[in-house]
Each structure stands twice: as C-alpha cells, then as structure tokens.
Amino acid sequence: MDIHPIIVHFPISMLVIYAIFEIFRIPVIVRQHWYVSVKTVLLMIGVVFSLFALSSGETAEHIMGRSQLIETHSFYAVASTWIFAILLVAYLVHGLAISLSISRIRTLMEKLGFIWRMLILLARLILKPYIVVTLAVLGLITITITGALGGAIVYGPEADPIVSFIYNLFF
-13 MDIHPIIVHF PISMLVIYAI FEIFRIPVIV RQHWYVSVKT VLLMIGVVFS LFALSSGETA
47 EHIMGRSQLI ETHSFYAVAS TWIFAILLVA YLVHGLAISL SISRIRTLME KLGFIWRMLI
107 LLARLILKPY IVVTLAVLGL ITITITGALG GAIVYGPEAD PIVSFIYNLF F
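Numbering (our numbering), first residue to last: -13 to 157.
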C-alpha cells in the first residue's frame, strides 16, 4: 500500500499556512507576541513531516518505477523542503541567540566562536523581510509545482487546469 498521499498533505498544509503568515504581514497579527513562535512551530512541523513525506515518496517511486514526471516531482519536493529548512534554521538560530542573551548556556555557544557568529549573521540576513518573504514565496511556488506534478502522477496531466498548466510547463 502506498502511504505517500496520506503523509504528504499534512506538511503541505503547515508550510502553506507558514508562507501565508510570512507573505501577508497583517500589522495587527505581526504585533502579536506569539507571531514568530507560531511561524517557527509551523515551519518545524512542516519540515519534519516533509522528511517523512520525502521518504515515503522514495518508497512510492520504487513501487511505481522511475519516470521523468516522478523525477521532476521529486526534485521540487526536495527543493521545497530545503527552502523551508533554511528558513527554519534561521528562525531557530535567531531564537536561540535571543534566548542565550539571557541564559547560562551562552558560554557554551560562545565557545563555537566564529561559527556561531556567522550563523547569527546569516540568520539575521535571511530573516530580513525582503529575503524571508522571497524565500516564502519561492517555497510556496515549489510546493505548488510539487503538488501539481503529484496530481498529474495520480490523476493524469489533465486533472484540472492548474495541474495541466504546470505539467505543460515541464513536458
């Protein structure tokens, strides 16, 4: 039994909700104390479960056999996961840096010296609004492509207008 279709939709929902939060920065929501925490949790759940989805996709690929459509679908699934994983690491490093400024673990992280400082600088760069929003949009685009190609695998390339359009961009 192919469980990939069952597993894949949960991380997609988490990552799409994250991207919506990131792209549509409604001031009344952005000012809430929970805003960054919710985005981080959505990313964490989405990325972790994406790894399960990727693994189940590999299993499904062995069952169905390789094709250019499946390989393209797989490429965009991996790209989506990497984009959101980069965002997750940036949020985690930034959050850890803030926590360490009031924590005793700070000396431990300071022993990492240059590496830790570079991670903090990179996280701050990635979390600049124009970069984080660009990555969220790119992640949303790659998820859409992945999903449309997945739909073409399961239901055929004429499943609906969006699936057909995206399928015809590649094949």
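Glycine included, C-beta positions come from ideal geometry on N, C-alpha and C.
Minimum Cα-Cα distance from A76 among the listed residues A138, I117, T130, A145 corresponds to I117. In the DSSP assignment, F151 falls within the unbroken alpha helix (DSSP H) covering 147 to 156. The alpha-carbon separation between S36 and L126 amounts to approximately 14 Å. Y62 is a Cβ neighbour of I131, given a cutoff of 8 Å.
Cβ-Cβ separation between H59 and G136: approximately 6 Å, consistent with a contact (criterion under 8 Å).
If you compare the alpha carbons of M50, M0, F(-4), Y4 with that of A122, the shortest gap goes to Y4. Check the Cα spacing between L82 and each of I56, A109, W68: the tightest is with A109. Spatial neighbours of G43 in its own chain (CB-CB distance under 7 Å, excluding positions within 5 residues in sequence) are listed in chain order as H(-10), S60, A63. By the Cβ neighbour-count rule, V16 is exposed, with fewer than 16 other Cβ atoms within 10 Å of its own.
K25 sits buried, since 16 or more C-beta atoms from the chains shown fall within 10 Å of its C-beta. In this structure, A134 lies near I148, with their beta-carbon atoms less than 8 Å apart. A straight line joining the alpha-carbon of L74 with that of V33 spans about 8 Å. The DSSP assignment places 13 to 16, 21 to 50 as complete runs of the alpha helix (DSSP H) inside the stretch 1 to 61, in order along the chain (cut-off: 4 residues). In this structure, A65 sits away from I(-7), with a CB-CB distance that is not shorter than 8 Å.
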